[in-house]
Every structure is written in C-alpha cells, then in structure tokens.
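Trainee: Residue numbers (our numbering): 33 to 272.
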C-alpha cells in the first residue's frame, strides 16, 4: 500500500531525539486534477481533525455500526472497495501522503460514500488521542514499509508498544489484520505478536492465515503474484 506510515511509540525513558523518529518518509508527489478535487471538496466533508479527546464516532457517522480503522491506505483503492462493499459498516482511514488522501476523497465523492472518514496525520497520534478504548472491531495494516536494513528496524510500526496500543483500542474479539509481501517482515511480525499479551493468532498453524476474501487484491499485489512474489496475512484477535 504505502511507505508513509507512523511514529513508533517511545519506550519509557527514551530521549526526545528518539521520540522524533518517524517510520514514514514524506515524499513529494504530483497532484492530479482528481486528487486536488478530492482535497478541495472532500476535506471539509470527510477529513477529521486531530482531537485532544476520544471522538464520538457514532455522532460522526450518525449511527452505531461495526467500525474498521486502516493505517496507511496508500492511494485508497482497497479502502474504497471495502467501504463500498460493506455499507452497513463504518471505515476510518489514516494516511499522510497528500496525493493518496486526495485520491481517496475523490473516490468517496464520486461514489457518494457516507461510511468513510479520513485522518491525514500521524496514525499513532490518531489512535492515542482520537480513538476510545475498546471501540474498534478491526484495525488494518496492509503492506507497511518493512524497513529492510537492520539499523532502520526501529522505524517499523509493528513493535511491542504498537501491539499494546492497538489491543487497547480493539473491542474484545476485535481483530488486528496485517499483510506484507516481504516474508522476513511477516516472520518479524509473528515474533512481535506471538509474545504480545492479550492476543490469539487466528491461523490454524499459528503462523499466517490464507488470504482473507475481505482484503481486496491491489494492482501492486497482482503484479507481485505474476512475478512469483508471495503475500502473507496475519490475523490476531483480542482476548481481553
């Protein structure tokens, strides 16, 4: 999906320099006419401000419904497809890449979707400040930057502190669903999640689940499949 992800949660005792480390890299991108239209017309309607207290999403959406939050939706194709396919559910997307936000908003306007809202800021800040505890049915993290080099592993969003933060926001029975096309990162995710308290791996073999039908296949993934690249899906359910 996107390389533009979020700030790792600082461990206790970290200094200020470490707290400023980002796991996303802002890259300039050319804005298309449609993306600019999405930003201009869609921002006042669908982009939510970063709040200092948990948001009442029932009030935002005008109803109580199953709720999914996706971190790093890239250009928004999968999120749009999921929202359009499940009008009875609500979706919240988080992305810092402006062309991607514009593309998603343009799609929301074009399709007339009412069950999708967006944050265009750091996902850890959104989770920490805007999302109430025990309120999400699902949290999606599809194709985050694996930060291949060892010295960059500290920038990976999947850390013990991230797992704990997500667990606090999921309802009991809620699911953290992650996907990656880099097998070493899938193995790393498993290492982190298998020791994270309060989760159950939904894979029968304790590793990865078969590709879930509710996760749309992206053009990037189809291209990878043609080249023989694999994709690994991980699902962890909150126990308590």
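For each residue, glycine too, the CB sits at the ideal point set by N, CA and C.
All of these numbers come straight from a predicted model, not from anything done at the bench.
Quick one: Cα of residue 153 to Cα of residue 126, how far?
Mentor: Counting from 1 along the chain shown, the entry for residue 153 is found at position 121. Counting from 1 along the chain shown, the entry for residue 126 is found at position 94. Cα to Cα, the separation comes out at about 7 Å.
Trainee: Are at least three pairs of beta-carbons, each pair with one atom in the segment 201-210 and one in the segment 166-182, less than 8 Å apart?
Mentor: Enough Cβ pairs lie closer than 8 Å, so yes.
Trainee: Quick check on residue 94: does DSSP put it in helix, strand or coil?
Mentor: Position 62 of the chain shown holds residue 94. Looking at residue 94 - three-state DSSP - the assignment turns out to be coil, as it is neither helix nor strand.
Trainee: What are the start and end residues of the beta strand (DSSP E) that includes residue 175?
Mentor: To locate residue 175, count along the chain shown from 1; it is residue 143. Note, residue 175: premise wrong, no beta strand (DSSP E); not H, not E.
Trainee: Whole angstroms are fine: how far does the CA of residue 214 sit from the CA of residue 263?
Mentor: Position 231 of the chain shown, counted from the first residue, corresponds to residue 263. Position 182 of the chain shown, counted from the first residue, corresponds to residue 214. Between residue 263 and residue 214, the C-alpha separation is close to 7 Å.
Trainee: Tell me which residue opens and which closes the beta strand (DSSP E) that residue 102 is part of.
Mentor: Taking the chain shown and counting its residues from 1, the one referred to as residue 102 is at position 70. Counting along the chain, the beta strand (DSSP E) containing residue 102 begins and ends at 99-103.
Trainee: According to the Cβ coordinates, are residue 148 and residue 115 closer than 8 Å?
Mentor: As a working mapping, residue 148 is identified with position 116 in the chain shown. As a working mapping, residue 115 is identified with position 83 in the chain shown. In this structure, residue 115 lies closer than 8 Å to residue 148 by Cβ.
Trainee: Whose C-alpha, out of 236, 268 and 111, is nearest the C-alpha of residue 195?
Mentor: By 1-based counting over the chain shown, the position of residue 195 is 163. The shortest Cα separation from residue 195 among 236, 268 and 111 belongs to 268.
Trainee: Keeping to the same chain, check which residues put their C-beta closer than 6 Å to that of residue 121; ignore five residues upstream and five downstream.
Mentor: Walking along the chain shown from the start, residue 121 turns up at place 89. Around residue 121: 97 and 98.
Trainee: Where do the N-terminal and C-terminal ends of the alpha helix (DSSP H) with residue 85 fall, by residue?
Mentor: Locating residue 85 in the chain shown gives position 53, where the first residue counts as 1. Unbroken run through residue 85: none, as it is neither H nor E.
Trainee: Rounded to whole angstroms, what's the CA-CA distance from residue 259 to residue 94? Just pull it up for me.
Mentor: Here the question's residue 259 lines up with position 227 in the chain shown. Here the question's residue 94 lines up with position 62 in the chain shown. For residue 259 and residue 94, the distance between alpha carbons rounds to 44 Å.
Trainee: How is residue 65 classed by DSSP in three states: helix, strand or coil?
Mentor: By 1-based counting over the chain shown, the position of residue 65 is 33. Three-state DSSP puts residue 65 in a helix.
Trainee: Please go through the same chain and pick out, in chain order, the residues whose beta-carbon is closer than 7 Å to the beta-carbon of residue 113, but skip the five residues on each side of it.
Mentor: Within the chain shown, residue 113 is the residue found at index 81, counting from 1. Here the set comprises 248.
Trainee: Looking at C-beta atoms only, is the number of pairs between the segment 139-147 and the segment 157-171 that lie closer than 8 Å three or more?
Mentor: These segments do not touch.
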